[in-house]
Amino acid sequence: MHNTQLTQLESQIPTGQVRTRFAPSPTGYMHVGNLRTALYAYLIAKGQNGKYLLRIEDTDQNRQVEGAEAAIYKTLADCGLIHDEGPDIGGPVGPYIQSQRRDIYAGYANLLLERGGGYRCFCGKRDEEESDEKAVAKYDGRCGRLSQEEIQAKLEAGEPYVIRQRIPAGTTSFSDVVFGEITVDNADLDDGVLMKTDGLPTYNFANVIDDHLMGITHVVRGSEYLSSTPKYNLLYKAFGWDVPVYVHCAPVMRDATHKMSKRHGDPSYEDLIAMGYLTDAVLNYVALLGWSPGGEEEMFSLGALTRVFDIKGISKSPAIFDMDKLKHFNSAYIRAMEPAAFHELALPYIRETVKSEAYDTRAIAEVLQQRCETLLDIPEKVDFLDALPDYGTELYVNKKSKTDEDISKQMLDAAIPALEGMAHWNREAIHETLISLAQSLEVKNATLMWPVRIAVAGKLVTPGGAVELCAILGRKETLKRLRFGREKLGA
RNA sequence: GGCGCGUUGGUCAAGCGGUUAAGACUCCGGCCUUUCACGCCGGCAACACGGGUUCGAUUCCCGUACGCGUCACCA
């Protein structure tokens with residue numbers, strides 16, 4: 014690409030709006046830290062009516078992972094982090110896949126060479142100097158001192174080369190909105206490779222070119238890029254471009270010393286969904302990992318986040334992912350759902366253990382909604398519906414309800430005929446029947462309810478109380494179980 | 001090892017020179033109650049360490065420790 018074409022590209026850069034990007038490389042699936050980076054980028058743009066774009070960074074031909082790109086699209090779409098421009102939908106500054114931008118990078122690499130910001134290096138790939146540990150030697154920059162004649166000779170001899178960045182003397186400062194002012198001595202910077210022998214750029218070059226050409230105003234990325242940011246600034250300077258606002262984010266950790274990683278078995282977004290977590294809950298929790306809204310409210314939908322998100326609230330220090338807190342959000346989100354929506358969501362899980370068609374799954378979902386932390390809690394909670402568990406009579410003994418086996422026997426003796434005589438079998442009627450029965454027997458409600466609940470469920474902990482369970486089970490099954498319990502307790 | 005960055009209860013976190021150092025999760029009590037859960041009330045628990053600066057430091061500066069990142073033709 015010639016310089017005139019380059020200026021043509023630059024004339025197309027959108028201005029006057031906030032533009033952010035999420036730029037994953039398709040080397041795996043979305044882990045939580047990635048998701049958070051995408052979220053923040055999205056929020057920064059959307060909070061100011063800006064554009065949020067997706068760019069695929071696939072300049073490393075050797076690390077492509079099958080299906081990774083699809084997983085990225087799916088996760089982002091599920092989360093509602095809809096991009097305004099990207100590989101799939103195009104946009105004014107495409108292509109949005111780096112491997113399709115070869116010519117652009119090559120053009121700028123030549124321009125950089127002309128401007129002296131880079132040089133050809135013929136040294137060949139540096140060996141992994143296995144100096145066991147520490148003390149890694151910087152590239153000594155020898156090719157940067159080659160004469161014009163020497164370069165010409167090597168070129169004519171067809172020697173392969175890469176293009177390295179020429180680091181000038183002095184110091185470089187930059188400002189990051191979360192980390193503040195950072196200044197480094199250029200002597201500590203390496204003449205890094207910008208263009209590889211395969212003709213593709215490294216991240217170090219591509220991100221600068223693309224962020225500029227795509228009009229990115231806020232660069233949101235992980236803090237691992239903090240130490241190479243001075244090099245990017247030098248590149249912007251060499252081209253005479255304005256630097257974007259930097260938003261470096263500290264990592265999401267699995268514990269104090271390790272980042273969340275697939276290798277350690279930490280859950281990805283998809284894993285969390287498979288574990289019965291809700292997208293909204295995950296998003297809400299992830300937003301709060303490393304960012305604080307300032308106030309005391311912490312339940313935020315994506316829309317609410319868009320309104321309240323403020324870069325100033327982003328934390329400098331790493332945050333440890335806490336499954337307990339996620340659970341807290343998840344159960345809160347489950348409880349806040351519309352009953353019909355929860356029913357739809359819960360149905361497949363209910364069906365894992367409840368095969369019988371006899372029960373009203375809406376009624377089951379209704380009692381479950383108030384007491385599950387994740388969707389995976391469901392099957393176990395309703396396992397007693399299809400078949401009464403084999404339980405022992407010791408379950409009838411409960412101090413607080415003032416029940417023992419004898420009393421339970423009396424209670425069931427009284428409850429069976431009372432329930433038998435009911436005209437309409439529904440929750441309200443059952444409730445009324447049992448409450449008034451307890452009154453006439455002059456016992457506290459719990460004394461009657463406990464044995465009934467144990468008899469119909471055969472387990473200590475149940476979703477819903479005696480009344481709800483009887484209503485769900487239906488008259489016939491309820492009475493059958495009650496009589497069975499009565500027999501179990503002896504004559 | 002050089003350079004950079006970080007460090008408030010077990011976890012997330014507010015704080016931005018003077019506070020009884022918020023709040024949430026977890027945990028522990030209690031209340032409510034038809035089990036559990038929800039809800040409500042209460043409790044345990046923190047400024048890494050050492051020097052400065054200052055009338056006064058969690059807040060500012062320096063150092064130490066610990067941790068993380070980076071020093072790839074990976075991103």
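Numbering (this note's numbering), first residue to last: 14 to 504. Backbone N, C-alpha and C fix where the C-beta goes; we use that ideal spot for every residue, glycine too.
MET424 versus PHE313: straight-line alpha-carbon distance, rounded: In the first sequence, residue 424 corresponds to position 411, counting from 1. In the first sequence, residue 313 corresponds to position 300, counting from 1. Using only the alpha carbons, I get a separation of about 48 Å.
Can you name the start and end residues of the alpha helix (DSSP H) that ILE164 belongs to? For the purposes of this step, residue 164 is identified with residue 151 of the first sequence, where counting begins at 1. Its alpha helix (DSSP H) spans residues 161-169.
Is the separation between the beta-carbon of ILE509 and that of ARG133 shorter than 8 Å? The first residue shown for the chain is 14 and the last is 504, placing residue 509 beyond what the model contains.
THR496 bridges to which residues according to DSSP? Looking up residue 496 in the first sequence gives position 483. Sequence inspection shows Arg at residue 496; the Thr mentioned does not correspond to that position. Answer by DSSP bridge pairing: none, since ARG496 is not bridged.
Going by the DSSP bridge assignment, what does ASP116 pair with across the sheet? Counted from its first residue, the first sequence places residue 116 at position 103. DSSP lists no partner for ASP116.
Chain-order list of residues whose beta-carbon lies under 6 Å from that of SER188 (same chain, five-residue window excluded): Your numbering for residue 188 matches position 175 in the first sequence. The residues are GLU194.
Boundaries (first-last residue) of the beta strand (DSSP E) holding GLU194: On the first sequence, residue 194 is found 181 positions in, with the first residue counted as 1. Start and end: 193-198.
CYS92 - containing alpha helix (DSSP H), residue span: Counted from its first residue, the first sequence places residue 92 at position 79. Taken as a continuous stretch (DSSP letters only), the alpha helix (DSSP H) holding CYS92 covers 81-92.
Buried versus exposed, by CB contacts within 10 Å (16 or more), ARG466: As a first step, residue 466 must be located in the first sequence, where it is residue number 453. So ARG466 ends up on the buried side.
Run the CB neighbour count on ASP279, radius 10 Å, all protein chains shown included, and call it buried at 16 or more, exposed below. To locate residue 279, count along the first sequence from 1; it is residue 266. Under this definition ASP279 is a buried residue.
ASN16 beta carbon less than 8 Å from that of LEU124: As a first step, residue 124 is located in the first sequence; it is residue number 111 there, counting from the start. As a first step, residue 16 is located in the first sequence; it is residue number 3 there, counting from the start. Going by C-beta atoms, LEU124 is nearer than 8 Å to ASN16.
Can you tell me whether HIS356 is buried or exposed, with buried defined as 16 or more other CB within 10 angstroms of its CB? As a working mapping, residue 356 is identified with position 343 in the first sequence. By the 10 Å Cβ count, HIS356 comes out buried.
Kindly list the residues whose CB is nearer than 6 Å to the CB of GLU13, restricted to its own chain and excluding five residues on each side of it in sequence; keep chain order. Given that the chain is displayed from residue 14 to residue 504, the structure contains no residue 13 and the question cannot be resolved.
Evaluate LYS59 with the Cβ neighbour count: other Cβ atoms within 10 Å of its Cβ, from every protein chain shown; 16 or more gives buried, anything less gives exposed. One-based indexing of the first sequence puts residue 59 at position 46. Buried, since its Cβ has 16 or more Cβ neighbours within 10 Å.
Measuring alpha carbon to alpha carbon, tell me which of PHE218, VAL191, PHE192 and GLY212 ends up nearest GLN178. For the purposes of this step, residue 178 is taken as the residue at position 165 of the first sequence. Taking only the C-alpha atoms, the option nearest GLN178 is PHE218.
Exposed unless 16 or more other CB atoms sit within 10 angstroms - verdict on MET336: Stepping through the first sequence from its first residue, residue 336 is reached at position 323. When all chains shown are included, MET336 counts as exposed.
Do the region 18-34 and the region 72-86 meet, that is, are 3 or more Cβ pairs less than 8 Å apart? no
First through last residue of the alpha helix (DSSP H) which encompasses THR50: In the first sequence, the residue the question calls residue 50 occupies position 37. Element bounds for THR50: 45-59.
Length of the line joining the Cα atoms of GLU490 and PRO352: Counting from 1 along the first sequence, the entry for residue 490 is found at position 477. Counting from 1 along the first sequence, the entry for residue 352 is found at position 339. Going from the Cα of GLU490 to the Cα of PRO352 covers about 26 Å.
Say yes only if the C-beta of PRO181 is nearer than 7 Å to one or more non-hydrogen atoms of the ligand ADP, and no if none qualify. This structure lacks the ligand ADP, and indeed carries no ligand of any kind.
Under the three-state reduction of DSSP, which class applies to LYS472: helix, strand or coil? To locate residue 472, count along the first sequence from 1; it is residue 459. In the structure shown, LYS472 sits in coil (DSSP, three-state: anything other than H, G, I, E or B).
Tell me the rounded alpha-carbon separation between THR446 and LEU432. Locating residue 446 in the first sequence gives position 433, counting from the first residue. Locating residue 432 in the first sequence gives position 419, counting from the first residue. If you take the alpha carbons of THR446 and LEU432, they lie about 7 Å apart.
CB-CB length for ASP204 against GLY157, believed under 8 Å: Along the first sequence, read from residue 1 onward, the residue named residue 204 stands at position 191. Along the first sequence, read from residue 1 onward, the residue named residue 157 stands at position 144. 6 Å between Cβ atoms; contact.
Report yes if the C-beta distance between ASN266 and PRO331 is below 8 Å; otherwise report no. Within the first sequence, the letter at position 253 stands for residue 266. Within the first sequence, the letter at position 318 stands for residue 331. The identity of residue 266 in the sequence shown is Met, whereas the question assumes Asn. Yes, these two residues count as a Cβ contact at 8 Å.
Straight-line CA distance for GLU82 to ILE95? As a working mapping, residue 82 is identified with position 69 in the first sequence. As a working mapping, residue 95 is identified with position 82 in the first sequence. GLU82 and ILE95: Cα-Cα distance of roughly 15 Å.
Taking one C-beta from the region 358-377 and one from the region 394-401 each time, how about it: are there three or more such pairs within less than 8 Å? yes
Is it buried or exposed, GLY80, if we count other Cβ atoms within 10 angstroms and call 16 or more buried? If you number the first sequence from 1, residue 80 lands on position 67. That one is exposed.
Consult DSSP for TYR42 and reduce its assignment to one of helix, strand or coil. If you number the first sequence from 1, residue 42 lands on position 29. In this structure, TYR42 counts as coil in the three-state DSSP scheme.
Put GLN178 into one of helix, strand or coil per three-state DSSP. Residue numbering aside, residue 178 sits at position 165 when the first sequence is read from its first letter. GLN178: strand per DSSP, three-state reduction.
Alpha-carbon to alpha-carbon, LEU226 and GLU23: By one-based count along the first sequence, residue 23 stands at place 10. By one-based count along the first sequence, residue 226 stands at place 213. Between GLU23 and LEU226, the C-alpha separation is close to 6 Å.
For GLY316, which three-state DSSP category applies? Against the first sequence, residue 316 aligns to sequence position 303. GLY316: helix per DSSP, three-state reduction.
Report yes or no: do the region 47-62 and the region 294-307 share at least 3 C-beta pairs separated by less than 8 Å? yes
Return the chain-ordered ranges of every beta strand (DSSP E) run that is complete within the region 188-237 and spans a minimum of 3 residues. 193-198, 206-208 and 231-235
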